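Have a look at the structure below before the remarks.
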Amino acid sequence: MPTRHDLGGIVHSYQAYDPARIPSPRPPQIDLVSPAMEHLLEYGELDELTPEQLASAVLLDPEQIRGLGPSIESLKRMLEARKRKILERWDATGARKRARTAFREAAAKIKPPANHKEIFHRAVRDEQLRLLERLWYAQDDDQSRFGADLVGLVDRLGAVYQIDELATKWAFTGREKLGVEEALEVKEELEEIDRLLAQLADAQKNARVGLIDLEALGRYAAEGELDDLARLKAQVEEMVQRMAAEQGLDKGKKGYSLSPKAMRLFQGKLLEKIFSALDPSRTGRHQVNVTGEGAVEMVPTRQYEFGDSVAHIDIPGSLINAMLRQGKERPLRLDARDIEVHTTRNTPKCATVVALDMSGSMRHGGLYVSVKRMALALQGLVQREYPGDALSFLEMYSFAKPRSAGEIVTLLPKPVTIFEPVVRLRADMSDPTITAEDVPPHFTNIQHALQLARRQLARADTPNKQVILITDGLPTAHFEGNQLFLLYPPHKRTEEATLREAEACRREGIVVNVFLLAGWSQSREDIQFAYKLAQTAQGRVFFTSGKDLDRFVVWDYVSRRRSIIG
């Protein structure tokens, strides 16, 4: 019989095994940075992230808190028993009739003014709460007798609505009659029980113990029964605070703020998400087969040629060549034909300016959030993969303004301050009495953005220059010298000024790529202008929805870098 010593061995076969993606034995780390960053992207600095908001956004693994507190199932059974007891005791049918009768009797005692009599009787007949409220607002004196009677009648009709909902939302099987006030109290208690059941179910699924209302739950639980749950809640809150500190979330007096460490973590997660669609390709990305004189040393070698840098000599390979040539002869003498050098690859730099549209229309559909998310992803890509590249950002509205990477998350679309259907404004910005704060900010000045981008790229020491323009439509503002024109609907004069600036970019070797976001007001003219602008500056037009913007821009940047290297 064969033994372990004379067997040829066991061959193990691993199906779909990828050594670069070995699953971790630890549970996945809870992501606190993404919900905090999404909150900041949406609200800027207007609203700080509170501990309650962070707790509601965090999804924990229930296994992480198993055994730390009382059984959630027992608490759910307790609440369901209380709810069942209420439904088996009461009958809500009589309460509906009594509430409606009280409303009719109160209405019959009211004497409306002659000019409001018809509307009043129609509101009572149809039980229309909105009509009664309109009648109250129509009174010249809200302290009048009729106004005071209307307030009481609105309350009674509100009770009718509430009890109708009570009778239809829950299935009562009892026989004990409910009064109107009792019915409203029962409805409030049932709503609280349903809310607590939902909180417990959420805690059971996502371990959101911090969101359970222990004060309300204590009204139904026995004394001391919630002590373990309170300790568990404190433990979870302490765990969330510890993980927040580890991931770069700094806790202040009012809420959490993000540190540079948190920003880098979020950018890394964005890039992992964007490049996850490239998984079917072989390991590694951005492969190029172009070799030449450069700073990046590659594995393949070649014979030394006059002028090659000694820094790239393959010393082990050169010594082996000398040993093979000399055999046993010693001492070892290195000949020029023995020397081999590593091939190198040149990685030319690229200078990019990204113009982020923050005009008033970007607030629709949360487009501005997608624009800021794209900017963070692109900055993370350049820092991680192409540290030699130059990347800068411009905020684009009625003006264009340079912005640092740290300011991106705080940008918000400008508030609309003019609501006329036709706007024709001109401001002399050379006048010292006129400042940018005096100008309506919600217009779109692509011409000024291209002008500033051209000035910034003129200082770049690389021939590879591009502008990434992200907008949702036509320009509505432009400069002519020191004169700023704000023209809505979009005017041909603004289009011509913008195209002249795009032509200036083309003459200086700057490519302008336009990413046109799909907006609610986008028209054929928006698309045609985007094509004209890109063609003038020898660029391209990309049509994308907001949620795909980061993927399109990052992939296009990688594609352009690959074409530059090639």
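Residue numbers (the working numbering): 1286 to 1851.
Where a beta carbon is used, it is the ideal one built from N, C-alpha and C, also for glycine.
This structure is a prediction, so every number in the text was calculated from the model and none was measured.
Hey, residue i and residue j: beta-carbon distance below 8 angstroms or not?
i	j	result
A1762	T1747	no
T1729	T1756	yes
I1371	E1467	no
V1701	H1733	no
D1426	G1432	yes
L1420	L1435	yes
V1471	W1375	yes
P1698	G1645	yes
A1408	G1437	no
L1641	L1666	no
E1477	A1456	no
L1380	L1463	This sequence places Ala at residue 1380; Leu is not what is there. Yes, the pair counts as a contact, with Cβ atoms nearer than the cut-off.
F1764	R1711	no
L1742	A1636	yes
L1754	I1719	no
A1815	R1791	no
E1810	L1772	no
M1681	N1767	no
L1735	A1782	no
N1606	D1593	no
Report the three-state DSSP secondary structure of residue i (helix, strand or coil).
i	result
T1729	coil
K1546	helix
V1724	coil
Q1456	Rather than Gln, the amino acid found at residue 1456 in this sequence is Ala. Here A1456 sits in coil by DSSP.
S1683	coil
D1376	strand
P1398	coil
G1579	Residue placement at G1579 cannot be trusted, given a pLDDT of 47 that sits under 50; the coordinates are not used to answer.
I1719	coil
Y1671	coil
V1701	coil
R1744	coil
H1649	helix
Q1813	helix
L1534	strand
E1793	coil
D1620	coil
Q1768	strand
A1822	coil
R1369	helix
In the DSSP output, which residue or residues are listed as bridge partners for residue i?
i	result
L1754	A1640, V1799
F1828	L1801
S1677	V1638
T1586	H1627
E1467	E1467 is not bridged to any residue.
Y1773	V1708
E1461	W1375
R1688	F1678
D1713	Q1768
A1392	Answer is none; A1392 lacks a bridge partner.
A1762	L1771
Which full runs of the beta strand (DSSP E) of 3+ residues lie inside the segment 1592-1618, going along the chain? none
List in chain order: all unbroken alpha helix (DSSP H) runs of 4+ residues lying wholly within the segment 1403-1447. Complete alpha helix (DSSP H) runs here, min 4: 1414-1422.
Would the segment 1478-1488 and the segment 1355-1364 be scored as touching if the rule is three or more Cβ pairs under 8 angstroms? yes
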